[in-house]
Amino acid sequence: MQISKSIDVRGKESSTLIRPLAYNKAKNQTLVEAIPYTGRQHQIRVHLDSIGHRIVGDPIYGLDENFVDDFLNDKIENSERVKVTGASRLMLHAYYLEFNFLDTTYVFCSKQGFCD
143 MQISKSIDVR GKESSTLIRP LAYNKAKNQT LVEAIPYTGR QHQIRVHLDS IGHRIVGDPI
203 YGLDENFVDD FLNDKIENSE RVKVTGASRL MLHAYYLEFN FLDTTYVFCS KQGFCD
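Structural data, given as structure tokens:
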């Protein structure tokens, strides 16, 4: 699934490829591979939320505004975050990262042999 979105006419378009990898029926959770083709802030989180899918542990996107305000103002206990979001931290992980900076390409891999 390719998602492209521009929320504000002054904003820049962004594009992410979302590919389902596995589904856990008991938890109603899907493991996905998300490949952002652009590099916008919170891009993967925004794109998944725009199609009605939250990331486990996300305390901001797809939740009640009052909860988000309280979270951002440090008024939410960890136990409440787990109850509302499903985890004590954001379950968004990069196993591969590549970017260019000052004419140098940097590659980071979390899985041995993936970058070979």
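Under our numbering, the first residue of the sequence shown is numbered 143, with each subsequent residue one higher.
Glycine is no exception: its CB is placed at the ideal position from the N, C-alpha and C atoms.
CA-to-CA distance, residue j to residue i, given in whole angstroms
i, j, result
"PHE243", "VAL249", "11 Å"
"ARG182", "ALA176", "13 Å"
"ILE193", "VAL210", "19 Å"
"GLU155", "ASP212", "30 Å"
"THR158", "TYR238", "15 Å"
"THR172", "PHE241", "27 Å"
"LEU205", "LYS167", "22 Å"
"ARG161", "ALA229", "22 Å"
Cβ-based burial, residue i [other Cβ within 10 Å; buried from 16]
i, result
"PRO201", "buried"
"LEU190", "buried"
"THR246", "exposed"
"THR180", "exposed"
N- and C-terminal bounds of the alpha helix (DSSP H) containing residue i
i, result
"SER157", "Taken as a continuous stretch (DSSP letters only), SER157 belongs to no alpha helix (DSSP H), being part of the beta strand (DSSP E) at 156-166."
For residue i, the first and last residue of its enclosing beta strand (DSSP E)
i, result
"ILE177", "171-178"
As assigned by DSSP and simplified to three states, the class of residue i
i, result
"GLU219", "coil"
Per DSSP, cross-strand counterpart(s) of residue i
i, result
"ASN208", "Per DSSP, none; premise fails for ASN208."
"THR246", "PHE243"
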